[in-house]
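In what follows, a single structure is set out as structure tokens and then discussed.
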Amino acid sequence: MNAIIKQALAVFSLCTAAVSVQAVTIMDGYNGAGLSYNGDVLGNPDVYQITHMEVTFDSSNLYVSIFTNFFEGADSLGYKYGDLFISTNGWHPNGTASNRYGTDDVSNGEHWEYALDTSTSDLYKLSAVDYLDQLVLSGPGTNLRHNQEVSVNTSKSTKVAAETSSADLSGVSHTVGTLGVISYTLALADIGITNLSVPTALGFRWSATCANDVIEGGLSVPEPGVMALLMLGLISLGLSRR
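The opening position of the sequence shown corresponds to residue 4 in the numbering used here, with each subsequent residue numbered one higher.
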């Protein structure tokens with residue numbers, strides 16, 4: 004019996020470790036609809052470029068890191084950090100990867116279930132009712148990519164009660180042309196994920212309030228490889244008991 008318990012603990016430890024180190028990198032393959040642009044970035048890439056986001060998770064939290072040149076004060080136009088949008092039913096942009104989702108905007112793309120306010124670290128639940136009223140959109144200035152979600156309208160949205168999610172700006176860039184990182188921690192329970200044995204399809208979106216560059220992407224938590232490892236561990240444990 005002691006041997007079986009030890010084997011069970013070893014399998015559990017291996018699976019837990021695998022879950023804790025899972026990381027997904029989402030490269031910026033999204034343009035979105037709006038004004039014409041030169042490649043991916045509208046304007047100066049040294050100021051507005053987003054290169055990628057990294058998503059990791061453990062048994063309690065998701066950790067989302069946005070890698071971008073942008074910082075408040077990088078230009079003279081007063082643009083701010085945008086908010087992190089989260090979908091808990093998958094990622095469904097309009098268009099295709101081959102055209103970098105160049106037809107996607109707030110009218111036809113993903114409807115996000117949550118938004119984490121970068122400036123206050125407050126998490127908001129977005130309702131399907133009056134969805135547009137709960138968003139702040141880019142535009143209508145002539146130098147902006149129009150009709151892209153950039154932040155949450157906190158006066159029209161519902162803050163998640165007792166939420167513990169947060170935003171961290173300690174790693175942002177302070178030099179034009181230098182890559183920095185904006186870090187978010189999302190408590191799984193805050194966004195309704197309570198059972199990691201069942202994969203959940205997620206989507207994420209971020210931009211500055213100008214939307215000169217936007218990143219979106221999706222993933223599954225846990226990733227299929229983790230689920231396979233969990234199943235392998237259970238099978239191995241069953242065989243050892245026999």
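Even for Gly, the Cβ is constructed at its ideal location relative to N, Cα and C.
Source: prediction; values computed, not measured.
Member of the options whose CA lies at the smallest distance from the CA of residue i
| i | options | result |
| --- | --- | --- |
| residue 166 | 127, 55, 53, 148 | 127 |
| residue 170 | 44, 93, 73, 68 | 68 |
| residue 122 | 112, 179, 87 | 87 |
| residue 185 | 139, 192, 197, 119 | 119 |
Per-residue burial, residue i [other beta carbons within 10 Å of its own, 16 or more giving buried]
| i | result |
| --- | --- |
| residue 58 | buried |
| residue 143 | exposed |
| residue 141 | buried |
| residue 62 | exposed |
| residue 72 | buried |
| residue 154 | buried |
| residue 117 | buried |
| residue 164 | exposed |
Cβ neighbours of residue i in the same chain (closer than 7 Å, five flanking residues each side left out)
| i | result |
| --- | --- |
| residue 225 | 22, 25, 199, 202 |
| residue 103 | 32, 33, 34 |
| residue 50 | 72, 73, 77, 78, 179 |
Sequence-distant residues of its chain with Cβ nearer than 6 Å to residue i (five each side left out)
| i | result |
| --- | --- |
| residue 46 | 215 |
| residue 213 | 82, 147 |
| residue 137 | 129, 156, 159, 160 |
| residue 162 | 125, 127 |
| residue 53 | 31, 71, 216, 218 |
| residue 196 | 203 |
For residue j and residue i, believed in contact at Cβ under 8 Å, the rounded distance
| i | j | result |
| --- | --- | --- |
| residue 222 | residue 89 | The Cβ separation is near 12 Å, so there is no contact. |
| residue 174 | residue 56 | Wrong, their Cβ atoms sit about 13 Å apart, outside the cutoff. |
| residue 210 | residue 168 | Actually they are not in contact, since the Cβ atoms of residue 210 and residue 168 sit about 19 Å apart, beyond 8 Å. |
| residue 74 | residue 66 | Not really, about 20 Å apart at Cβ, beyond 8 Å. |
Test item: CB-CB of residue i and residue j under 9 Å
| i | j | result |
| --- | --- | --- |
| residue 131 | residue 114 | yes |
| residue 98 | residue 106 | yes |
| residue 189 | residue 84 | no |
| residue 218 | residue 207 | yes |
Cβ shell of residue i (< 8 Å), same chain only, five flanking positions each side left out
| i | result |
| --- | --- |
| residue 177 | 74, 183 |
| residue 37 | 45, 108, 141, 142, 147, 148, 149, 150, 151, 214 |
| residue 95 | 112, 113, 206 |
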